[in-house]
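Worksheet for the structure shown next.
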Amino acid sequence: MLTKRIIPCLDIKDGRTVKGVNFENIRDAGDPVELAILYSQQGADELVFLDITATVEKRKTLIELVKRISANINIPFTVGGGISTVEDVAVLLQYGADKVSINTAAFKNPSLISELSNRFGSQCVVLAIDTKKEADGEWYVYLNGGRTKTDAKTIDWARQAVALGAGEILLTSMNNDGTKGGFAVDITLLLSKELPVPVIASGGAGTMEHFKEIFIDGNADAALAASIFHYKEIGIPDLKEYLTNEKIAIRI
Amino acid sequence: MIAIIKYNAGNVQSVQYALQRVGIDSLVTDDETVIRAADKVIFPGVGHAQSAMQYLQEKQLDKLIVSLRQPVLGICLGLQLLCKHSEEGDTSCLGIFDTEVKLFPPGNFKVPQIGWNNIGEYKSVLFNGLVNEAFVYTVHSYYAALSNETTAITDYILPYSAALEKNNFYAVQFHPEKSGGIGETILKNFIQIT
Chain D
1 MLTKRIIPCL DIKDGRTVKG VNFENIRDAG DPVELAILYS QQGADELVFL
51 DITATVEKRK TLIELVKRIS ANINIPFTVG GGISTVEDVA VLLQYGADKV
101 SINTAAFKNP SLISELSNRF GSQCVVLAID TKKEADGEWY VYLNGGRTKT
151 DAKTIDWARQ AVALGAGEIL LTSMNNDGTK GGFAVDITLL LSKELPVPVI
201 ASGGAGTMEH FKEIFIDGNA DAALAASIFH YKEIGIPDLK EYLTNEKIAI
251 RI
Chain V
1001 MIAIIKYNAG NVQSVQYALQ RVGIDSLVTD DETVIRAADK VIFPGVGHAQ
1051 SAMQYLQEKQ LDKLIVSLRQ PVLGICLGLQ LLCKHSEEGD TSCLGIFDTE
1101 VKLFPPGNFK VPQIGWNNIG EYKSVLFNGL VNEAFVYTVH SYYAALSNET
1151 TAITDYILPY SAALEKNNFY AVQFHPEKSG GIGETILKNF IQIT
């Protein structure tokens, strides 16, 4: 049986793992490769590395990091942050990344999604969406690491992106991110029901029950979290044992 | 020496990294002489069947691959290209396995299948030493149907060939290079075939 995935996310700034609250107040959480090795040994199903300060000058640092990760990690990993061209992706895949996550550049230039999926296959194109529920009750797309609001509704953009060839959606709720109050169940469920591709829920994990909730009530295919793993508040083996006991299909 | 066939599909490098992690040297190459002389050949890949076949034909790698006599391991798209035909782009493939590659039928399941699923009903030395129903990482929208060349089965929407084998040709639909310790055992088992 295909299992639900537990995905630790490593936000990378200047080569270090960092973590903020509601996309702000960033603090240091360790060496990304050391953390990645630990997580893969503990049973993480996949890893995501997001370069949150990606600039042209820092691109080389990221490539060096990707090489180190692929040399040391025996599970799949996704790399994101500042990716805007087919050439960016070709280089990351060449150095061992399995998938790339694209966000702002894809929104500004949707044909990037089809170019990438035609060249590399849709399985390696993860569309990341930062989303926020506004006073009108609708979930909107935000760009530039959550700094720029758009008028696009999340479900509309996700549908368009999947039609263009996105193979997976990484959905981060800005309302929930860093709060440890649980994932955004409603928008995750909506995307998961409406889209034919897997949905990775992100933002808000605080307890093991939150994972159960997003898998059962939110129908998420995978759940991503950062600080609860980095600061050892929840251990991946304990989480997987808990979910298995709750009759959720999990790789042990 | 292990040769990894270089062509226009993704993920080729990952296989080399995986072999490095288990202490095995390999060469990523499209040089016919080097590939022919290799002890073992790995034919990996993630990509599109039609564009991959076109590329193999342009480089005359298609004729080379089917004529190989040493153990060959196809991975993911490599497995599909070793089959007879793929629905992806209505592509005639290499025809080692007498198997049809089809798109998963629509329904309540997500396509592509992405994640960890289990393999069972092993009939190959590739799976020596594995627990039954071992978890492996898999990413694909097309699947190889069951046949008498099937050597492991996975169930997703329907049971399909997680592995195929015929003479010196071995193939797996999942990614041993990304399947943790289980995948490393499978790669080592392939390397030890004599």
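Just so you know, the protein sequences line up as chains D and V, in that order. For the first sequence, position 199 (counting from the first letter as 1) is numbered 199 according to our numbering, and the numbering increases by one without interruption. In our numbering, each number is its position in the second sequence, counted from 1, plus 1000. Backbone N, C-alpha and C define an ideal beta-carbon position, used for all residues, glycine too.
Among the options, which residue has its Cα nearest to the Cα of residue i?
i       : options                            : result
V:R1036 : V:V1066, V:C1093, V:H1140          : V:V1066
V:E1088 : V:G1107, V:G1180, V:Q1050          : V:Q1050
D:G206  : D:N219, D:G43, D:E194, D:D177      : D:D177
D:G162  : D:M208, D:A106, D:K247, D:V48      : Sequence check: residue 162 of chain D is Val here, not Gly. Minimum Cα distance to D:V162 is reached at D:A106.
D:L195  : D:T154, D:D217, D:S227, D:I234     : D:T154
D:F183  : D:F77, D:N144, D:T131, D:L143      : D:T131
V:E1133 : V:D1031, V:L1146, V:P1112, V:A1152 : V:A1152
V:E1149 : V:K1188, V:S1086, V:K1006, V:G1095 : V:G1095
V:S1092 : V:Q1054, V:D1031, V:N1108          : V:Q1054
D:S84   : D:A158, D:P76, D:S111              : D:S111
V:E1165 : V:F1135, V:T1033, V:C1083          : V:C1083
D:G96   : V:I1193, V:E1177, V:P1159, V:F1135 : V:E1177
D:M208  : D:S192, D:K193, D:E246, D:D98      : D:E246
V:V1028 : V:R1021, V:M1001, V:Q1057          : V:M1001
D:F215  : D:L189, D:V197, D:N118             : D:L189
D:L191  : D:I129, D:I75, D:I12               : D:I129
V:P1034 : V:Y1143, V:L1061, V:V1136, V:R1021 : It should be pointed out that residue 1034 of chain V corresponds to Val in this sequence rather than to Pro. Closest option to V:V1034, Cα to Cα, is V:L1061.
D:R16   : D:H230, D:I75, D:T244              : D:H230
D:R119  : V:A1052, V:R1021, V:A1163, V:E1032 : V:A1052
D:Q160  : D:C124, D:K149, D:V197             : D:V197
V:H1085 : V:P1159, V:A1145, V:V1111          : V:A1145
D:K149  : D:E233, D:E213, D:D11, D:T104      : D:T104
V:F1127 : V:S1141, V:V1111, V:P1159, V:A1163 : V:A1163
D:I228  : D:K99, D:K180, D:D88               : D:K180
Measuring only the C-alpha atoms, how far is residue i from residue j?
i       : j       : result
V:Q1013 : D:D156  : 36 Å
D:K4    : D:I169  : 15 Å
D:R59   : D:N109  : 21 Å
D:F211  : D:I7    : 11 Å
V:S1179 : D:A135  : 44 Å
D:Y140  : D:R147  : 13 Å
D:M1    : D:A249  : 7 Å
V:S1026 : V:D1039 : 10 Å
D:A220  : D:D14   : 31 Å
D:C9    : D:L50   : 7 Å
D:E241  : V:G1129 : 24 Å
V:H1048 : D:D186  : 35 Å
D:F23   : D:G145  : At D:F23 the pLDDT is 49, less than 50, meaning the model places this residue with poor confidence and gives no usable figure here.
D:I63   : D:V79   : 10 Å
V:K1006 : D:A225  : 36 Å
D:L38   : D:D45   : 12 Å
V:I1182 : V:D1030 : 28 Å
V:Q1070 : V:K1188 : 16 Å
V:A1003 : D:R251  : 32 Å
D:D151  : D:L164  : 20 Å
D:T61   : V:T1099 : 45 Å
V:Q1080 : D:L143  : 38 Å
V:L1064 : V:G1074 : 14 Å
V:Y1143 : V:G1078 : 12 Å
V:N1108 : V:D1155 : 14 Å
D:V199  : D:L171  : 7 Å
V:I1193 : D:G82   : 44 Å
V:S1161 : V:C1076 : 11 Å
D:V21   : V:F1097 : With a pLDDT of only 49 at D:V21, under 50, the local geometry of the prediction cannot be trusted, and the value read off the model is given with reservation. If you take the alpha carbons of D:V21 and V:F1097, they lie about 53 Å apart.
D:K77   : V:D1090 : Note that residue 77 of chain D is Phe in the sequence shown, not Lys. The straight-line gap from Cα to Cα measures roughly 31 Å.
How close, in whole Å, do the beta carbons of residue i and residue j come, if the pair is a contact with beta carbons under 8 Å?
i       : j       : result
D:M174  : D:G203  : 7 Å
V:I1157 : V:V1139 : In fact, because the Cβ distance is near 15 Å, the residues do not count as touching under 8 Å.
D:A201  : D:A166  : The Cβ separation is near 16 Å, so there is no contact.
D:V48   : D:S101  : 7 Å
D:I113  : D:L93   : Going by Cβ atoms, the distance from D:I113 to D:L93 rounds to 16 Å, so no, they are not a contact pair.
D:L116  : D:V86   : 6 Å
D:I73   : D:S40   : 5 Å
V:I1191 : V:I1024 : 6 Å
V:V1022 : V:E1184 : 5 Å
D:D11   : D:I52   : 5 Å
Kindly say whether residue i, judged by its beta-carbon, lies nearer than 8 Å to any beta-carbon of chain C.
i       : result
V:P1112 : Here chain C cannot be found, since the structure's protein chains are D and V.
Practice problem: May I have a chain-ordered list of the beta strand (DSSP E) segments no shorter than 3 residues that lie completely inside the segment 1097 to 1152 of chain V? | Solution: Runs found: 1100 to 1103, 1113 to 1119, 1134 to 1140, 1142 to 1144.
Quiz prompt | Stretch-stretch touch, CB-based, cutoff 8 Å, three pairs: the segment 1170 to 1185 of chain V with the segment 1116 to 1127 of chain V | solution = Judged by Cβ distances under 8 Å, the segment 1170 to 1185 of chain V makes contact with the segment 1116 to 1127 of chain V, as three or more pairs qualify.
Practice problem: Take every Cβ of the segment 1011 to 1030 of chain V, pair it with every Cβ of the segment 1038 to 1048 of chain V, and state whether three or more of those distances are shorter than 8 Å. | Solution: Counting Cβ pairs under 8 Å, three or more are found: they touch.
Quiz prompt | Inter-stretch contact at 8 Å, needing at least 3 Cβ pairs: the segment 62 to 74 of chain D / the segment 29 to 45 of chain D | solution = Taking 8 Å as the limit for Cβ pairs, the verdict is that the segment 29 to 45 of chain D does touch the segment 62 to 74 of chain D.
Quiz item: Are the segment 1123 to 1132 of chain V and the segment 1094 to 1111 of chain V in contact at 8 Å, needing three or more beta carbon pairs?
Solution: Segments in contact, no.
Self-check item: Contained beta strand (DSSP E) runs [length at least 3] in the segment 1016 to 1084 of chain V, N- to C-terminal order
Solution: Here the runs fully enclosed are 1026 to 1029, 1040 to 1043, 1072 to 1075.
Exercise. May I ask you to verify whether the segment 224 to 244 of chain D touches the segment 1016 to 1033 of chain V, counting CB pairs closer than 8 Å and requiring at least 3?
Key: Under the three-pair Cβ rule at 8 Å, the segment 224 to 244 of chain D does not count as touching the segment 1016 to 1033 of chain V.
Practice problem: Ignoring anything shorter than 3 residues or poking outside the segment 168 to 214 of chain D, list the beta strand (DSSP E) runs there in chain order. | Solution: Whole beta strand (DSSP E) segments, 3+ residues: 168 to 173, 199 to 202.
Exercise. Note down, one range per segment and in chain order, each beta strand (DSSP E) of at least 3 residues found wholly within the segment 98 to 173 of chain D.
Key: Every unbroken stretch of the beta strand (DSSP E) spanning 3 or more residues and falling wholly within the segment 98 to 173 of chain D is given here in chain order: 99 to 102, 125 to 133, 139 to 143, 148 to 153, 168 to 173.
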